[in-house]
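The block underneath contains the structure these notes are about, expressed in structure tokens.
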Amino acid sequence: MTDAAGEDDREVSTSRPGHLSSSQAHMLTSRYEQRLKAALWYAVGQMVDEECLKRNRNATPQFIGALTEMVWTQTENVAIDLESFSSHAGRTTVTTDDVLLLARKNVDLQQIMREYVEEKKVQREATKGKAKARR
Numbered sequence: 067m068t069d070a071a072g073e074d075d076r077e078v079s080t081s082r083p084g085h086l087s088s089s090q091a092h093m094l095t096s097r098y099e100q101r102l103k104a105a106l107w108y109a110v111g112q113m114v115d116e117e118c119l120k121r122n123r124n125a126t127p128q129f130i131g132a133l134t135e136m137v138w139t140q141t142e143n144v145a146i147d148l149e150s151f152s153s154h155a156g157r158t159t160v161t162t163d164d165v166l167l168l169a170r171k172n173v174d175l176q177q178i179m180r181e182y183v184e185e186k187k188v189q190r191e192a193t194k195g196k197a198k199a200r201r
């Protein structure tokens, strides 16, 4: 099947089912990375357009592209840090604690994140309580 960008989504055939050669894996990774970057570019563009309308300003496509690249690079760095924190703790899954550790140098951000986590816990417990009451 071909998507809107003209990309072919069919699986790459391999000599051994379920296994990809390194060049095939690189090609798939590259294709997915391009699609993710395109989606990020679109989302960043939407946010920039919204802010431009609010502030009666203009932004060039070059600005949106540069901002998108900066966000992409920052996201890659965050992913590496989160994987490192998780690995250091002997886990294979990133947890909320890893994300909070990432924000350790920004006290205000960490506080906002802690409040959000607590709010979600309360909501989850309330939902569990309602489910038990129905039984």
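Per my numbering, the sequence shown starts with residue 67, numbered consecutively.
Where is the CB? At the ideal position from N, CA and C, for every residue including glycine.
For clarity, every value in this text was computed on a predicted model and none was experimentally measured.
Query                                                                                                        : Result
Every unbroken beta strand (DSSP E) within the stretch 75-142, with a cutoff of 3 residues, ordered by chain : none
Where V160 falls: helix, strand or coil (DSSP)                                                               : coil
The stretch 142-152 touching the stretch 114-126, judged by at least three CB pairs closer than 8 Å          : no
Cβ neighbour criterion (16 or more within 10 Å) applied to R110                                              : Reading off the sequence shown, one finds Val at residue 110, where the question assumed Arg. Buried, since its Cβ has 16 or more Cβ neighbours within 10 Å.
7 Å CB neighbourhood of D118 in its chain, flanking five on each side removed                                : Note that residue 118 is Cys in the sequence shown here, rather than Asp. If we look at C118 and ignore the five residues flanking it on each side, its Cβ neighbours are N124 and A125.
Beta-carbon proximity of T139 to L106, cut-off 7 Å                                                           : no
Member of E184, G156 and T158 whose CA lies at the smallest distance from the CA of L166                     : E184
For R180, three-class secondary structure by DSSP                                                            : helix
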